[in-house]
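Going down the list, the sequences are from chains P and V.
Read in numbering that gives the first Met the number 0, the first sequence has 84 at position 85, and its numbers run on one by one without any break.
Read in numbering that gives the first Met the number 0, the second sequence has 47 at position 48, and its numbers run on one by one without any break.
Each residue gets a CB set at the ideal place from its N, CA and C atoms; glycine is no exception.
Number of protein chains: 2
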Amino acid sequence: MKNYKLAIVGATGLVGRTALKVLEEKNLPNIEYTLFCSYKSAGQKIKFLGKEYTAIELKNDSFDEGFDFAIFSAGAETSKHFAPIAAAKGCTVIDNSSAFRMEKDVPLIVPEVNFNDVYKNHGIIANPNCSTIQAVVALKPLDDKYNIKRIVYSTYQAVSGAGKLGLEDLENGSQKLPPLKFSHPIYDNCLPHIDSFLTNRYTKEEMKMVNETRKILNKPDLAITATAVRVPVRNCHGESINIEFEKSFKIEDIFSILSNSPGIIVKDDLENLIYPTASIANGHDEVFVGRIRKDYSIENGLNLWVVADNLRKGAASNAIQIVEKLIESEI
Amino acid sequence: MKNYKLAIVGATGLVGRTALKVLEEKNLPNIEYTLFCSYKSAGQKIKFLGKEYTAIELKNDSFDEGFDFAIFSAGAETSKHFAPIAAAKGCTVIDNSSAFRMEKDVPLIVPEVNFNDVYKNHGIIANPNCSTIQAVVALKPLDDKYNIKRIVYSTYQAVSGAGKLGLEDLENGSQKLPPLKFSHPIYDNCLPHIDSFLTNRYTKEEMKMVNETRKILNKPDLAITATAVRVPVRNCHGESINIEFEKSFKIEDIFSILSNSPGIIVKDDLENLIYPTASIANGHDEVFVGRIRKDYSIENGLNLWVVADNLRKGAASNAIQIVEKLIESEI
Numbered sequence: 000m001k002n003y004k005l006a007i008v009g010a011t012g013l014v015g016r017t018a019l020k021v022l023e024e025k026n027l028p029n030i031e032y033t034l035f036c037s038y039k040s041a042g043q044k045i046k047f048l049g050k051e052y053t054a055i056e057l058k059n060d061s062f063d064e065g066f067d068f069a070i071f072s073a074g075a076e077t078s079k080h081f082a083p084i085a086a087a088k089g090c091t092v093i094d095n096s097s098a099f100r101m102e103k104d105v106p107l108i109v110p111e112v113n114f115n116d117v118y119k120n121h122g123i124i125a126n127p128n129c130s131t132i133q134a135v136v137a138l139k140p141l142d143d144k145y146n147i148k149r150i151v152y153s154t155y156q157a158v159s160g161a162g163k164l165g166l167e168d169l170e171n172g173s174q175k176l177p178p179l180k181f182s183h184p185i186y187d188n189c190l191p192h193i194d195s196f197l198t199n200r201y202t203k204e205e206m207k208m209v210n211e212t213r214k215i216l217n218k219p220d221l222a223i224t225a226t227a228v229r230v231p232v233r234n235c236h237g238e239s240i241n242i243e244f245e246k247s248f249k250i251e252d253i254f255s256i257l258s259n260s261p262g263i264i265v266k267d268d269l270e271n272l273i274y275p276t277a278s279i280a281n282g283h284d285e286v287f288v289g290r291i292r293k294d295y296s297i298e299n300g301l302n303l304w305v306v307a308d309n310l311r312k313g314a315a316s317n318a319i320q321i322v323e324k325l326i327e328s329e330i
Numbered sequence: 000m001k002n003y004k005l006a007i008v009g010a011t012g013l014v015g016r017t018a019l020k021v022l023e024e025k026n027l028p029n030i031e032y033t034l035f036c037s038y039k040s041a042g043q044k045i046k047f048l049g050k051e052y053t054a055i056e057l058k059n060d061s062f063d064e065g066f067d068f069a070i071f072s073a074g075a076e077t078s079k080h081f082a083p084i085a086a087a088k089g090c091t092v093i094d095n096s097s098a099f100r101m102e103k104d105v106p107l108i109v110p111e112v113n114f115n116d117v118y119k120n121h122g123i124i125a126n127p128n129c130s131t132i133q134a135v136v137a138l139k140p141l142d143d144k145y146n147i148k149r150i151v152y153s154t155y156q157a158v159s160g161a162g163k164l165g166l167e168d169l170e171n172g173s174q175k176l177p178p179l180k181f182s183h184p185i186y187d188n189c190l191p192h193i194d195s196f197l198t199n200r201y202t203k204e205e206m207k208m209v210n211e212t213r214k215i216l217n218k219p220d221l222a223i224t225a226t227a228v229r230v231p232v233r234n235c236h237g238e239s240i241n242i243e244f245e246k247s248f249k250i251e252d253i254f255s256i257l258s259n260s261p262g263i264i265v266k267d268d269l270e271n272l273i274y275p276t277a278s279i280a281n282g283h284d285e286v287f288v289g290r291i292r293k294d295y296s297i298e299n300g301l302n303l304w305v306v307a308d309n310l311r312k313g314a315a316s317n318a319i320q321i322v323e324k325l326i327e328s329e330i
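Pasting the structure below:
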């Protein structure tokens, strides 16, 4: 069996740490790890797989020693500079940033949804935005059967999506400190503002959901609108998804399709007050779907409530699943 | 000038207390107040308008002494029993509960929207559900001009809407106590569950938004769907509202209509990162509207983000505004 060298870039960040946790749980065989970080964090000791690792500063020659894979979770600027360098040295990069997602020759992959697109890569594979990943896992099997015509997204996004400073803002919030990460206090407040504002009056986050959903579902003209809202929850994003299909459906078929699709756990038992919540999704790699019901305001309408761990399935776990499937497909 | 006798029913509850606060701020002339409560709270001393009031137990003969108005905020069961008794004695009841809202001969009033319907009352006027009130204040002037065809609501509702125990659950939440009011912890969690579940898989709260919006806008067949979610915020509801109009519009006209409509404050200055939040709406009677933008996924689509103080405009202040306007219209 082949041995693989895997670089974790941004190992000291929130997604990087989550990646290490997920990798410890999975304990994949025959992989040798190197943990990269910024100049600032270099030298940090990290306990991982029973050993003590030292985080190493990422440099232009870091990929000279022949990596098979690198998972980048260090922001768009780091990815823009270093991912092409890594790819040129023969390393397959799975990039968690937004840097390359919409580039034509960069596949944007959610393993449950469009893994076969991965082979179009030229060394860089993009991991979608967290809020997009959990949505498309739920939408894909329904699109296959009923053909989605339009989507209205409203999100309830956790502060961990904004990194360590986002978490700190929520935790400090009751003390009335000025926010470190957000533009306004997030404690006791919802902020309809994630990432920066664009000239079309949408946020980048909202347009990521529109454009990435289209790319992943391979429906470049799909009608989608989105409102992205940060809520005072530490981890796990919620989404209210309103869908219009071309074809008619029976609600019991939606239940059975979702229950039998990969990566989905249906939590929808109203009698016992069971539905997806952050507290249920936290620490899991599956996407939790509930509040499944017809939207009676249009002909083939459906409402869903979708929750997932944004640090895991929305970032680290999705990237690791890509690596796993690439290794499997080589064997 | 006439003197009026006004009863506050449920004076010791969260909405009742808010009503007293709003009445103190307004300091309406020529009104004599009586504060009613349940057997359990009877005898409580309440400082109000510089005097000490004693909350009195509400009984079948409480309305014998000739009240002009009563604001009921003591739940549907109390309203069902006592509001007809009060009305029969010639008292005009403004009822904050859901008991009579959908009854044909009970007007459901938001003063900025449909005050003229108030005169159809037979002694009972219903105050709409909090999440409906703030929505219709924003929607009415747009409906008048562009004719709303369909609405998709997703709400971000504060715990104060669930009363004192709801607030306690949020405040106790980090201590991992079992919830007093909610079915699951609300601290660090969003719950897609407000009021009880119905056989159509919607919650009562969601169907209130559908049915009450139709009644207030006087559009009994308007296409509406709703997802109502409780968020870990103490006070002020947020709403992501997606609207489809019959007629086309210019986005600058939407800004100017909303800015010039009663009861609305537009907060939408993206360059300065200004948009409605709970922290901005808290303590105010206006409805705050922002994130105003075209929904490019349909022909005449619009997205709005609407925030209001659910205890004030969503309950107490709306009821008091009805009383004020009734008094004005008599003068």
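Answer yes or no: does any C-beta atom of chain V fall closer than 8 Å to that of P:Tyr295? Indexing the first sequence from 1 puts residue 295 of chain P at position 296. Yes, P:Tyr295 lies at the interface with chain V (some Cβ there is under 8 Å from its Cβ).
Which same chain residues, not among the five before or five after P:Ser153, have their C-beta less than 6 Å away from its C-beta? Your numbering for residue 153 of chain P matches position 154 in the first sequence. Counting only Cβ-Cβ distances below 6 Å, and skipping sequence neighbours, we find Thr226 and Ser239.
Name the DSSP bridge partner or partners of P:Ser153? Position 154 of the first sequence, counting from 1, holds the residue named residue 153 of chain P. Answer is P:Thr226 and P:Ser239.
May I ask you to list, following chain order, the residues of the stretch 214-240 of chain P that have a beta carbon less than 7 Å from some beta carbon of chain V? Ala222, Ile223, Thr224, Thr226, Val228, Val230, Pro231, Val232, Arg233, Gly237 and Ser239
Output, in chain order, the set of chain P residues within a Cβ distance shorter than 7 Å of V:Tyr274. Your numbering for residue 274 of chain V matches position 275 in the second sequence. Pro191 and His192, listed in chain order.
Specify, as a first and last residue, the run of the alpha helix (DSSP H) that V:Glu64 falls within. For this step, residue 64 of chain V is matched to residue 65 along the second sequence. Here V:Glu64 belongs to no alpha helix (DSSP H), and DSSP marks it neither H nor E.
Judging by CA-CA distance, which residue of P:Val306, P:Leu164 and P:Glu111 is the nearest neighbour of P:Leu13? Indexing the first sequence from 1 puts residue 13 of chain P at position 14. Here the closest residue by C-alpha is P:Leu164.
Have a look at the DSSP bridge pairing and note the partners of P:Cys36. As a working note, residue 36 of chain P is residue 37 in the first sequence. Answer by DSSP bridge pairing, in chain order: P:Glu56.
Per-residue contacts from P:Leu34 into chain V (C-beta, under 7 Å): For the purposes of this step, residue 34 of chain P is taken as the residue at position 35 of the first sequence. The premise fails here: P:Leu34 is roughly 29 Å from chain V at the closest Cβ pair, so nothing lies under 7 Å.
Leaving out five residues on either side along the sequence, give the residues of the same chain with a beta carbon under 6 Å from the beta carbon of V:Tyr52. Sequence index remark: in the second sequence, residue 52 of chain V carries index 53 (1-based). Only Leu34 and Ile45 meet the Cβ criterion.
Roughly how many whole angstroms lie between the Cα atoms of V:Arg290 and P:Ala134? For the purposes of this step, residue 290 of chain V is taken as the residue at position 291 of the second sequence. For the purposes of this step, residue 134 of chain P is taken as the residue at position 135 of the first sequence. One C-alpha to the other measures close to 22 Å.
Tell me which same chain residues have a C-beta within less than 7 Å of the C-beta of P:Ile193, skipping the five on either side of it? By 1-based counting over the first sequence, the position of residue 193 of chain P is 194. The residues are Gln156, Thr202, Glu204, Ala227 and Arg229.
V:Ala315 and V:Ala280: beta carbons closer than 8 Å? Residue numbering aside, residue 315 of chain V sits at position 316 when the second sequence is read from its first letter. Residue numbering aside, residue 280 of chain V sits at position 281 when the second sequence is read from its first letter. The answer is no: Cβ separation not under 8 Å.
Throw me the rounded Cβ distance for the V:Ile93 and V:Ile55 pair, which I believe falls under 8 Å. As a working mapping, residue 93 of chain V is identified with position 94 in the second sequence. As a working mapping, residue 55 of chain V is identified with position 56 in the second sequence. So it is not a contact: roughly 19 Å between Cβ atoms.
Could you have a look at P:Ile253 and say whether DSSP puts it in helix, strand or coil? Position 254 of the first sequence, counted from the first residue, corresponds to residue 253 of chain P. P:Ile253 falls in the helix class under three-state DSSP.
Can you grab the Cα-Cα spacing for the pair P:Lys25 / V:Val151, in whole Å? Along the first sequence, read from residue 1 onward, the residue named residue 25 of chain P stands at position 26. Along the second sequence, read from residue 1 onward, the residue named residue 151 of chain V stands at position 152. Roughly 41 Å separates the two Cα atoms.
For the beta strand (DSSP E) containing V:Tyr295, list its first residue and its last residue. The residue given as residue 295 of chain V occupies position 296 in the second sequence. V:Tyr295 -> no beta strand (DSSP E), and no H or E assigned at all.
Candidates P:Ser258, P:Gly49 and P:Ala82: closest to P:Leu57 by CA position: Position 58 of the first sequence, counted from the first residue, corresponds to residue 57 of chain P. Of the listed residues, the one whose Cα sits closest to P:Leu57 is P:Ala82.
State buried or exposed for V:Ala85, treating a residue as buried only when at least 16 other CB atoms are found within 10 Å of its CB. Counting from one through the second sequence, the residue named residue 85 of chain V turns up at place 86. The residue is buried, with at least 16 neighbouring Cβ atoms inside 10 Å.
Please state if the CB of P:Gly9 and the CB of P:Cys36 are separated by a distance shorter than 8 Å. Here residue 36 of chain P refers to the residue found at position 37 when the first sequence is read from its first residue. Here residue 9 of chain P refers to the residue found at position 10 when the first sequence is read from its first residue. Yes.
Simplified DSSP assignment, three categories, for V:Thr91: Counting from 1 along the second sequence, the entry for residue 91 of chain V is found at position 92. The answer is strand: DSSP assigns V:Thr91 an E or B state.
Do P:Glu243 and P:Gly300 have their CB atoms nearer than 8 Å? In the first sequence, residue 243 of chain P corresponds to position 244, counting from 1. In the first sequence, residue 300 of chain P corresponds to position 301, counting from 1. Yes, the Cβ-Cβ distance between P:Glu243 and P:Gly300 is below 8 Å.
Partner residues on chain V for P:Ser278, Cβ-Cβ distance less than 8 Å: Counting from 1 along the first sequence, the entry for residue 278 of chain P is found at position 279. Ordered by position in chain V, the residues that pass the 8 Å Cβ test against P:Ser278 are His183, Pro184, Asp187 and Asn188.
What did DSSP end up calling V:Lys214 once you bin it into helix, strand or coil? Against the second sequence, residue 214 of chain V aligns to sequence position 215. It is helical.
Per-residue contacts from P:Tyr155 into chain V (C-beta, under 8 Å): The residue labelled residue 155 of chain P in the question sits at position 156 within the first sequence. The contacting residues are Tyr155, Cys189, Val228 and Val230.
Name the two residues that bound the continuous beta strand (DSSP E) containing P:Lys144. Reading the first sequence from its first residue, position 145 is the one you call residue 144 of chain P. Looking at the DSSP string, P:Lys144 is not in any beta strand (DSSP E); the run it does join, the alpha helix (DSSP H), is Cys129 to Tyr145.
Under 9 Å Cβ-Cβ, which residues of chain V neighbour P:Leu257? Along the first sequence, read from residue 1 onward, the residue named residue 257 of chain P stands at position 258. Per Cβ cutoff of 9 Å: no residues; P:Leu257 is ~14 Å from chain V at best.
Taking P:Cys129 as the reference, give the member of P:Asn302, P:Glu251, P:Ile264 and P:Gly237 with the closest Cα. By 1-based counting over the first sequence, the position of residue 129 of chain P is 130. Here the closest residue by C-alpha is P:Gly237.
With a threshold of 7 Å on Cβ separation, who are the neighbours of V:Leu310 within its own chain once the five nearest residues in sequence on each side are excluded? Along the second sequence, read from residue 1 onward, the residue named residue 310 of chain V stands at position 311. Closer than 7 Å at Cβ, skipping near neighbours: Leu13, Val14, Thr17, Ser159 and Asn234.
Between the stretch 268-277 of chain V and the stretch 208-215 of chain V, can you find at least three pairs of beta-carbon atoms closer than 8 Å? no
Tell whether a beta-carbon distance below 8 Å holds between P:Pro106 and P:Asn120. Within the first sequence, the letter at position 107 stands for residue 106 of chain P. Within the first sequence, the letter at position 121 stands for residue 120 of chain P. Contact flag set, yes.
Could you tell me which chain V residues have their CB closer than 8 Å to the CB of P:Tyr201, listed as they occur along the chain? Taking the first residue of the first sequence as 1, we reach residue 201 of chain P at position 202. Under the 8 Å cutoff, chain V gives Arg292.
Rounded to a whole number of angstroms, what is the C-alpha to C-alpha distance between P:Ile42 and P:Asn126? Counting from 1 along the first sequence, the entry for residue 42 of chain P is found at position 43. Counting from 1 along the first sequence, the entry for residue 126 of chain P is found at position 127. The sequence shown places Gly at residue 42 of chain P, not Ile. Those two C-alpha atoms are separated by around 27 Å.
Is any beta-carbon of chain V found at less than 8 Å from that of P:Arg149? Residue numbering aside, residue 149 of chain P sits at position 150 when the first sequence is read from its first letter. Yes - at least one Cβ of chain V is within 8 Å of the one on P:Arg149.
Through-space distance from P:Glu329 to P:Phe254, alpha-carbon basis: The residue given as residue 254 of chain P occupies position 255 in the first sequence. The residue given as residue 329 of chain P occupies position 330 in the first sequence. Whole-angstrom Cα-Cα distance: 35 Å.
Nearest chain V C-beta to P:Gly300 closer than 8 Å, yes or no? For this step, residue 300 of chain P is matched to residue 301 along the first sequence. By this cut-off, P:Gly300 is an interface position.
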